[in-house]
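When we follow our numbering, the leftmost residue of the sequence shown carries the number 5, and every step to the right adds one.
C-beta: ideal position from N, C-alpha, C; glycine also.
None of these values were measured; they are calculated from a predicted model.
A quick write-up on the structure given underneath.
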Amino acid sequence: MTTPGSDLPVTRRLVVPDAELTERFSRSSGPGGQGVNTTSSRVELSFDVARSPAVPEDLRSRLLARLDRRLVDGVLTIVASEHREQLRNREAARARLVAVLREASAPPPRKRRPTKPTRGSQERRLAAKKRRGDVKRGRGGRYDE
């Protein structure tokens, strides 16, 4: 878990400097009694993916392509309000930001190489179908063989 006020290591190539993160605080919604009305524990953590000098160019295009639905003008915003304390929400937002960036920056999966079923597996499949057909044919009461 990364603490607020320190750089966020995402991958070996990508470390988000703390200076490039923007935090906004507001009141959380939902139950919580009097505390929910007075404390600004909800956190909005923003990171400008499109204009950040910390993001390598080849990685930037991948991040922008994979996060295009989540970005507003190239800025990724993470909201955390599940905890009652602001500090825990800040830590949760940072952890979620790292997870989102790590998943989006992962290299694409290897292309699947199609394979053929083995002769043995084909023969077992056909033998099982034959047995099943024999069982069903035997249910009719006129099994002649």
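For the putative contact between L49 and L101, defined by C-beta atoms under 8 Å, what is the C-beta separation to the nearest angstrom? Your numbering for residue 49 matches position 45 in the sequence shown. Your numbering for residue 101 matches position 97 in the sequence shown. L101 and L49 do touch by the CB rule: their CB atoms are close to 6 Å apart, below 8 Å.
Determine the direct distance from the alpha carbon of E127 to that of R143, and round the result to whole angstroms. By 1-based counting over the sequence shown, the position of residue 143 is 139. By 1-based counting over the sequence shown, the position of residue 127 is 123. Distance from the CA atom of R143 to the CA atom of E127, rounded to whole angstroms, is 25 Å.
Going by DSSP, what residue range makes up the alpha helix (DSSP H) through V102? Locating residue 102 in the sequence shown gives position 98, where the first residue counts as 1. V102 -> alpha helix (DSSP H) spans 90 to 109.
S85: first and last residue of the uninterrupted beta strand (DSSP E) it sits in: If you number the sequence shown from 1, residue 85 lands on position 81. Premise fails: S85 is in no beta strand (DSSP E) and is neither H nor E.
Return helix, strand or coil for L67, following the three-state DSSP convention. By one-based count along the sequence shown, residue 67 stands at place 63. In this structure, L67 counts as helix in the three-state DSSP scheme.
DSSP state of S32 mapped onto helix, strand, coil: Position 28 of the sequence shown holds residue 32. Residue state, collapsed to three classes: coil.
Report the rounded CA-to-CA distance for E89 versus P118, giving the unit in angstroms. Within the sequence shown, the letter at position 85 stands for residue 89. Within the sequence shown, the letter at position 114 stands for residue 118. Roughly 52 Å between the two C-alpha positions.
Take the Cβ of R98 as the centre, count every other Cβ of all protein chains shown within 10 Å, and call the residue buried at 16 or more, exposed below. Position 94 of the sequence shown, counting from 1, holds the residue named residue 98. Per the 10 Å Cβ criterion, buried.
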